[in-house]
Ligand SMILES: [Zn+2]
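Residue numbers (our numbering): 10 to 311.
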């Protein structure tokens with residue numbers, strides 16, 4: 010599932026490619042009766058309203074809030090997209106194919122990355138006035154798309170925890186989460202925004218804290234290190250285009266490179282990469298998610 014660095018990679022790509030373009034058409038085959046009455050384009054009547062509101066509007070810019078992509082439009086409306094499990098945007102030469110009943114790459118396409126098999130599950134597409142298309146490939150079809158007034162964006166995310174960058178320890182609500190297991194707490198969007206399974210594992214490996222350690226047992230010094238490494242690791246992943254161990258691709262269809270930098274994520278049963286540590290990496294279910302950690306340098310404190 011895309012986490013903060015992957016979503017930021019998408020947003021950076023959108024700001025390079027779609028700013029100031031006009032929306033000429035929008036298409037989706039996400040419709041599902043399960044979403045009836047919900048503010049989601051998967052509800053066919055919401056999609057009709059969505060379409061009416063965004064046609065002929067200009068893209069002002071894209072932004073990220075937590076793991077959401079925000080696309081601000083010239084009519085003071087904002088499209089909010091959550092990529093969920095397998096969603097990723099692609100920008101290029103696409104056409105609607107009547108037989109396939111979806112968007113496919115046009116003959117004019119010269120970008121070989123767009124032909125990657127994970128980029129062929131198009132369920133949503135915006136056509137711009139330059140003839141290019143912003144398509145959403147989403148194998149599992151879990152992504153969600155809605156539209157709100159831009160002035161309501163802050164309120165929309167009021168339950169979300171703070172963004173990790175520029176954050177101080179005192180901005181985090183440790184009191185509320187003191188009894189929680191640190192990995193679960195780091196992944197809780199109400200505690201801090203944008204961290205999921207990959208980055209929580211990598212952060213705790215760096216700091217040497219067991220994923221099941223209760224927050225209240227961790228010293229302020231170690232909590233500071235957790236925040237410091239959270240910022241450092243997320244930033245370093247953004248710089249190399251995010252993590253593509255699974256199906257994430259940037260808007261040009263290309264993989265990121267963070268999967269080559271993993272110290273523990275999906276490395277169970279291998280020898281720890283930490284200097285002077287010969288521990289074996291283990292995997293264990295923590296709070297319903299698979300945690301990977303070193304038995305030797307991430308021992309439980311109590
Ligand atoms: Zn180790």
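Cβ coordinates follow ideal geometry from the N, Cα and C atoms, glycine included.
- Annotated three-state conformation of residue 133 is strand, per DSSP.
- Residue environment: residue 99 is assigned as buried (16 or more neighbouring CB atoms within 10 Å of its CB, all protein chains considered).
- At least one heavy atom of ligand 1 lies closer than 7 angstroms to the C-beta of residue 306.
- In the structure shown, the three-state DSSP call for residue 242 is helix.
- Secondary structure at residue 139: coil, using DSSP grouped into helix, strand and coil.
- Counting other Cβ atoms within 10 Å of its Cβ, residue 280 stays below 16 and is therefore classed as exposed.
- At the C-beta level, residue 275 and residue 301 come within 8 angstroms of one another.
- DSSP places residue 23 in the helix class (H, G or I) of the three-state scheme.
- For residue 153, the enclosing beta strand (DSSP E) stretches over residues 153–158.
- For residue 76, the closest alpha carbon among the candidates 180, 115, 20 and 87 is that of 20.
- Runs of the alpha helix (DSSP H) lying entirely within the region 244–300 and spanning at least 4 residues: none are present.
- Beyond the five residues adjoining it in sequence on each side, residue 34 comes within less than 6 angstroms, by CB distance, of 136 in the same chain, given in chain order.
- Here residue 77 is bridged, per DSSP, to 74 and 91.
- Assignment of beta strand (DSSP E) within the region 98–125, counting only whole runs of 3 or more residues, yields 103–106 and 111–114 in chain order.
- The beta carbon of residue 277 lies closer than 7 angstroms to those of 290, 291, 292 and 301 in the same chain, with the five residues before and after it left out.
- Selection 210, 215, 60 and 113 evaluated against residue 157 yields 60 as nearest (Cα-Cα).
- Taking every protein chain shown into account, the CB of residue 151 has fewer than 16 other CB atoms within 10 angstroms, so this residue is exposed.
- The straight-line gap separating the alpha-carbon atoms of residue 295 and residue 221 is approximately 7 angstroms.
- The Cβ atoms of residue 50 and residue 56 lie closer than 8 angstroms to each other.
- Fewer than three Cβ pairs drawn from the region 108–117 and the region 72–86 lie within less than 8 angstroms of each other, which leaves the two stretches out of contact.
- Within 10 angstroms of the beta-carbon of residue 209 lie 16 or more other beta-carbons, which makes it buried.
- Cβ-Cβ distances below 6 angstroms link residue 194 to 186, 200 and 224 in the same chain, with the five nearest sequence neighbours on each side left out; the list follows chain order.
- Looking at the backbone, the Cα of residue 95 and that of residue 298 are separated by about 17 angstroms.
- In this model, residue 305 and residue 287 are separated by some 8 angstroms (Cα to Cα).
- Around the beta carbon of residue 188, fewer than 16 other beta carbons sit within 10 angstroms, so the residue counts as exposed.
- Leaving aside the five residues that flank residue 216 on each side, the residues in its chain whose CB is nearer than 8 angstroms to its CB run, in chain order, 231, 234, 235 and 238.
- Within a 10 Å sphere around the beta-carbon of residue 29 sit fewer than 16 other beta-carbons, which makes this residue exposed.
- Approximately 6 angstroms separates the beta-carbon atoms of residue 37 and residue 132; this is inside 8 angstroms, confirming the contact.
- With 16 or more other CB atoms across the displayed protein chains lying within 10 angstroms of its CB, residue 206 is buried.
- In this structure, residue 141 has its CB at a distance of at least 7 angstroms from all heavy atoms of ligand 1.
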